[in-house]
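Protein sequence lines, in the order shown, are assigned to chains L and P. Going by this note's numbering, the residue at position 198 of the first sequence is 188; the numbering climbs one at a time, nothing skipped. Residues are numbered in this note's numbering as their position in the second sequence, beginning at 1, plus a constant of 3. We put the beta carbon where it would ideally sit given N, CA and C, even for glycine. Since the structure is predicted, the reported quantities are computational estimates derived from the model, not experimental observations.
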Amino acid sequence: MNFDLTDEHQMLQDSLRRFLKYSCNSKTRNEALSSETGVTSDLWHAMAEMGVIGAFFTEEQGGFGGTGADIALVFEELGRANVVSPFLDSALLSGRVLAAAGELDRVADLIGGDLQLALAHGEPTSRYDLNYVRTASVNGILNGRKAVVVNALASDILIVSARTSGKVYDEAGISLYFVEKDAAGLNIQDYALIAGGHAAEVTLDNVQGSLIGEEGKGFALLKEAYAIATVAQCAETLGEMTAATELTQEYLVTRQQFGRPIATFQALAHRMSDMLIEMEQARSAVIRAAGYFESDERTRDINIHAAKNLMGRAGRLIAEESIQMHGGIAMTQEYELAHIAKRITMADHRFGDTDYHLEKFMALTQS
Amino acid sequence: MDLNYSKDDLAFRDEVRAFLAEKLTKELSEKVRLGGDLTKNDMEGWHAILNAQGWLAPNWPKEHGGAEWNAVQRHIFDDECASSHAPRVVPFGLSMLAPVLQKFGNQLQKDHWLPRILSGEDWWCQGYSEPGAGSDLASLKTKAVREGDDYIVNGQKTWTTFGQHANMIFCLVRTDSKVKQQAGISFLLIDMNTPGIEVRPIILLDGSAEVNEVWFTDVKVPVKNLVGKENDGWTYAKYLLTHERTNIAGVGFSTAGLAAVKRIAKAEMSGGKPLIQNPLFAARVAQVEIDLMAMNTTNLRIVSQAAAGGAPGVEASMLKVKGTIIRQEINDLARRAVGPYAMPFVSEAVEGSNEPLPDPHDAGPVAAQYFNNRKISIFGGSNEIQRGIIAKVKMGG
Ligand SMILES: Cc1cc2nc3c(=O)[nH]c(=O)nc-3n(C[C@H](O)[C@H](O)[C@H](O)COP(=O)(O)OP(=O)(O)OC[C@H]3O[C@@H](n4cnc5c(N)ncnc54)[C@H](O)[C@@H]3O)c2cc1C
Chain L
-9 MNFDLTDEHQ MLQDSLRRFL KYSCNSKTRN EALSSETGVT SDLWHAMAEM GVIGAFFTEE
51 QGGFGGTGAD IALVFEELGR ANVVSPFLDS ALLSGRVLAA AGELDRVADL IGGDLQLALA
111 HGEPTSRYDL NYVRTASVNG ILNGRKAVVV NALASDILIV SARTSGKVYD EAGISLYFVE
171 KDAAGLNIQD YALIAGGHAA EVTLDNVQGS LIGEEGKGFA LLKEAYAIAT VAQCAETLGE
231 MTAATELTQE YLVTRQQFGR PIATFQALAH RMSDMLIEME QARSAVIRAA GYFESDERTR
291 DINIHAAKNL MGRAGRLIAE ESIQMHGGIA MTQEYELAHI AKRITMADHR FGDTDYHLEK
351 FMALTQS
Chain P
4 MDLNYSKDDL AFRDEVRAFL AEKLTKELSE KVRLGGDLTK NDMEGWHAIL NAQGWLAPNW
64 PKEHGGAEWN AVQRHIFDDE CASSHAPRVV PFGLSMLAPV LQKFGNQLQK DHWLPRILSG
124 EDWWCQGYSE PGAGSDLASL KTKAVREGDD YIVNGQKTWT TFGQHANMIF CLVRTDSKVK
184 QQAGISFLLI DMNTPGIEVR PIILLDGSAE VNEVWFTDVK VPVKNLVGKE NDGWTYAKYL
244 LTHERTNIAG VGFSTAGLAA VKRIAKAEMS GGKPLIQNPL FAARVAQVEI DLMAMNTTNL
304 RIVSQAAAGG APGVEASMLK VKGTIIRQEI NDLARRAVGP YAMPFVSEAV EGSNEPLPDP
364 HDAGPVAAQY FNNRKISIFG GSNEIQRGII AKVKMGG
């Protein structure tokens, strides 16, 4: 057993950390937050040039990485630097669907930084159920509504799931389509997200789509892409939790009340210790989810569900305790922690929440 | 022991319900329910309606225009107001300053300021906290120096809730820096329109603009605006903090919040069934409900005791801690319940879109409320400070 990073990973981590430290600050983030689409193209291109997007794909897919470990490493750094940019949705989630479907030209554009994507899968009443698709396709003509589609407005083209057979909750019968942004009958209602970035409600009214991969076989592609996206989300949240914990630790030893640093109050010191303990647990959960990503499906899924559940619980503790122990200052939009805490909390609403993954974990481990 | 409301209590409840049905407009209650930012007009309008009814000041003595309700009546009133989504009455003048003036103000001050609080002519804000003086309030630095018939005030207050609406602020200021911190503080009433005062908004993490920084540069305050004696302000401040404890547990808010969570969870589907039937989610809801039922009774027990003459000291701290934990847990459940729809940034501060944002359960910005309500365990004496008080009272030290 060996928990050290490989030389390549160490290099990638070092250069990424250095780059993000230099290029991401509250000013660039506020630009991203207030930009029309939530994407800052300078950062996107610079990261693509560094090979960050390439690290999401295997060599056969045109990249130079693609393992759970590669991806967790990148996303932890993005989280640590508190980056607001749709790498997760546009490049990883959408990209892995296309890569698995053999759309390698598009993947090449993506790796080069020249393509923005959005995966329109969830629907207003699907909650976190991956198999729920009501949007229907008849001969490639799509009708339905997609909910909270991250990066829809900035995307160059949409990937839309639609049902070609079966019932609303059936895994079989889900197909995937490209939909052009200027397609007739497509409506995109864009809005900002609490954690930064943008999403949209997408309505399809007799919209022409073009099939991706095999008809009716979309679920397997989605499941695979959601699995790696969940690992990435956990890693990003781990990075954010690290940042929150460091900020809080620093603040407790600096802030004086009653003539002494508030870190000297045991009521706070012990809770800081609990945060640090949970951080170690969270790191282990993410390491497991990333490290078992290439093993058999059951082992992989057990560890992913475990990680997302643990991150939901530990994330809540870190976000809430960080705010509470800072006092009023953490309630202000201007202070870095507020933004970090919002990202940690909102991560619980992506790819299944704490309870969703607990249920899945129970189902897999009770037998 | 009798856990039921008496006939009189029930009659009172009917009266409150009829009043709310008649006077609380749908427009206003919807705004409150959906967590919209209330305008100054909204708040002043509701204040005036309560005043006309004689229900604005439940705790004031009758001689000053109060209602003098008993503990159960206050509980009923708070509960009914919260469940019909009435606006919260702005407490700074009514429940914070007024008791201090009633006890420590001179006759002129009482005659002048108290009626204006009821009529709404003055909007008061609270100038206690400073950047360096939060929990350790006695370390405050804002200085007042006597010059003839005036004090000259210099310094900065912060976190001033609704400072942007207020025309008056009651402040703790340092009038003697040579003595022990607590012994050199005075309680001043300051007109916000005096030259030298500047109010700057602080935007909170949910995008709301409710708190401010207030800066004082050579601000002249007439000596007649000193409450009580110079350098005795700490006594009055402590009286203010311990006196007004109505609704500190926020039981009404929690009850309304829990009902909303259940309503959402009945409509939200998860795995083909309503979320409320999901055992994991249902267990979370049930646990909070159990806590809230007990809190309901804890609150009534403690408030009745206080009304009967027992001082609500350490028990008020208990209500604050547990009450805020329950409220925050309910906020957390609401954000969980709506699933991915917790993510949109629903704020009136968002410009550019006229289309309504997606809100399938008509639940309002539940995630924003979750973040905003992190404040309730920080302000009014943080939960850590309250636990410190409980421990000190119960174990000495
Ligand atoms: C939304 C909002 C509205 C507010 N409105 C007003 C207002 O209208 N007027 C006004 O005057 N003030 C107002 N306040 C200020 C509020 O009262 C202070 O935030 C509060 O007193 C805490 O002070 P602080 O924020 O400086 O935190 P600090 O006092 O710096 O505390 C930081 C952390 O240390 C903990 N801590 C401090 N001392 C101890 C100790 N001895 N033992 C254990 N833990 C300790 C605290 O509990 C907290 O967790 C408001 C605050 C907020 C957030």
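Need the endpoints of the alpha helix (DSSP H) that residue i sits in, please.
i: P:Thr327; result: Val317 to Ala340
i: L:Tyr12; result: Asp(-3) to Ser13
i: P:Met398; result: Asn386 to Met398
i: L:Ala316; result: For clarity, residue 316 of chain L is His in the given sequence; the question names Ala instead. Glu287 to His316 is the extent of the alpha helix (DSSP H) around L:His316.
i: P:Asp12; result: Lys10 to Lys26
i: L:Gln323; result: From DSSP, L:Gln323 is part of no alpha helix (DSSP H); its letter is neither H nor E.
i: L:Ala215; result: Gly208 to Thr244
i: P:Gly280; result: For the sequence presented, residue 280 of chain P should be read as Gln rather than Gly. Here P:Gln280 belongs to no alpha helix (DSSP H), and DSSP marks it neither H nor E.
i: P:Gln372; result: Val369 to Asn375
i: P:Thr258; result: Val254 to Ala270
i: P:Phe165; result: First-last for P:Phe165: undefined, no H or E at that position.
i: L:Phe351; result: Thr344 to Thr355
i: L:Ser200; result: Here L:Ser200 belongs to no alpha helix (DSSP H); instead the beta strand (DSSP E) covers Ser200 to Ile202.
Please name the residue, chosen from the options, that lies closest to residue i on a Cα-to-Cα basis.
i: P:His50; options: P:Asp11, P:Arg119 and P:Phe15; result: P:Arg119
i: L:Ala297; options: L:Glu310, L:Ala309, L:Tyr282 and L:Glu311; result: L:Tyr282
i: P:Ala216; options: P:Pro225, P:Thr164 and P:Ser180; result: Looking at the sequence shown, residue 216 of chain P is not Ala but Glu. Comparing Cα-Cα distances from P:Glu216 to each of P:Pro225, P:Thr164 and P:Ser180, the minimum goes to P:Thr164.
i: L:Ala259; options: L:Gly249, L:Tyr241, L:Phe77 and L:Gly163; result: L:Tyr241
i: P:Glu25; options: P:Asp82, P:Gly68 and P:Ala89; result: P:Ala89
i: P:Asn302; options: P:Ile52, P:Gln331 and P:Gln76; result: P:Gln76
i: L:Asn72; options: L:Thr154, L:Glu230 and L:Leu83; result: L:Glu230
i: P:Glu201; options: P:Asn170, P:Lys227, P:Val176 and P:Lys181; result: P:Asn170
i: L:Gln51; options: L:Glu21, L:Val74 and L:Leu82; result: L:Leu82
i: L:Leu23; options: L:Asn129, L:Thr254, L:Ala189 and L:Ser312; result: L:Ala189
i: L:Gly44; options: L:Ile101, L:Asn133, L:Leu94 and L:Val192; result: L:Ile101
i: P:Cys84; options: P:Lys181, P:Met4, P:Leu229 and P:Arg36; result: P:Arg36
i: P:Leu175; options: P:Leu100, P:Asp362 and P:Gln110; result: P:Leu100
i: L:Leu348; options: P:Val317, P:Asn281, P:Ala297 and P:Gln308; result: P:Asn281
i: P:His364; options: L:Arg117, L:Phe46, L:Glu26 and L:Val87; result: L:Arg117
i: P:Tyr131; options: P:Lys160, P:Leu360, P:Ala212 and P:Ala74; result: P:Lys160
i: P:Arg287; options: P:Gly57, P:Ser385, P:Glu332 and P:Val317; result: P:Glu332
i: L:Ala162; options: L:Gly206, L:Ile178 and L:Phe168; result: L:Gly206
i: P:Leu243; options: P:Pro102, P:Leu192 and P:Gly69; result: P:Pro102
i: L:Asn41; options: L:Thr30, L:Ser16 and L:His(-1); result: Checking the sequence shown, residue 41 of chain L turns out to be Gly, not Asn. The option with the nearest alpha carbon to L:Gly41 is L:His(-1).
i: P:Ala141; options: P:Ala186, P:Lys269 and P:Glu150; result: P:Ala186
Which stretch, first to last residue, makes up the beta strand (DSSP E) that contains residue i?
i: L:Gln179; result: Leu176 to Ala182
i: P:Tyr154; result: Asp153 to Lys160
i: P:Glu150; result: Lys146 to Glu150
i: P:Asp221; result: Val214 to Pro225
i: P:Glu201; result: Ile200 to Ile205
i: P:Arg177; result: Met171 to Arg177
Inside the segment 82 to 163 of chain L only - beta strand (DSSP E) runs reaching at least 3 residues: Assignment of beta strand (DSSP E) within the segment 82 to 163 of chain L, counting only whole runs of 3 or more residues, yields 107 to 110, 126 to 128, 131 to 140 and 147 to 153 in chain order.
Where the segment 131 to 149 of chain P meets chain L: residues whose CB sits under 7 Å from a CB there: For the segment 131 to 149 of chain P, the beta-carbon criterion of a distance under 7 Å to any beta-carbon of chain L is satisfied by Gly137, Ser138 and Asp139.
Beta strand (DSSP E) segments (min. 3 residues) lying fully within the segment 15 to 87 of chain L: none
Within 7 Å of chain L by C-beta, residues of the segment 337 to 350 of chain P in sequence order: Arg339, Gly342, Pro343, Tyr344, Ala345, Met346, Pro347 and Phe348
Inter-stretch contact at 8 Å, needing at least 3 Cβ pairs: the segment 204 to 221 of chain L / the segment 286 to 300 of chain L: Verdict: yes, contact present.
The segment 195 to 207 of chain P: positions lying closer than 8 Å to chain L by Cβ: Ile205, Ile206 and Leu207
Residues in the segment 382 to 396 of chain P having any Cβ partner in chain L nearer than 8 Å: Phe382, Ser385, Asn386, Glu387, Arg390 and Gly391
Segment contact flag, the segment 340 to 349 of chain P with the segment 294 to 312 of chain L, C-beta cutoff 8 Å, min 3 pairs: no
Entirely enclosed alpha helix (DSSP H) segments - the segment 251 to 284 of chain L, minimum 4 residues: 256 to 281
Chain P contacts made by the segment 109 to 123 of chain L, where a contact means CB separation under 9 Å: Gly112, Pro114, Thr115, Ser116, Arg117, Tyr118, Asp119 and Tyr122
Members of the segment 166 to 191 of chain L near chain P, C-beta cut-off 8 Å: Gln179, Asp180, Tyr181, Ala182, Leu183, Ile184, Ala185, Ala189 and Glu191
Inside the segment 50 to 133 of chain P only - beta strand (DSSP E) runs reaching at least 3 residues: 127 to 130
Interface positions of the segment 257 to 272 of chain P facing chain L (Cβ-Cβ less than 7 Å), listed along the chain: Glu271 and Met272
Residues from the segment 256 to 285 of chain L in contact with chain P, defined by Cβ distance under 8 Å: Ala257 and Leu258
Cβ-based contacts, 7 Å cut-off: residues of the segment 131 to 154 of chain L near chain P: Ala137 and Val138
Residues from the segment 331 to 342 of chain L in contact with chain P, defined by Cβ distance under 7 Å: Lys332, Met336 and His339
Interface positions of the segment 235 to 251 of chain L facing chain P (Cβ-Cβ less than 7 Å), listed along the chain: Gln247 and Phe248
contact_flag[the segment 387 to 397 of chain P, the segment 62 to 73 of chain P] where n(CB pairs < 8 Å) is 3 or more: no
Segment contact flag, the segment 322 to 331 of chain P with the segment 186 to 200 of chain P, C-beta cutoff 8 Å, min 3 pairs: Touching, no.
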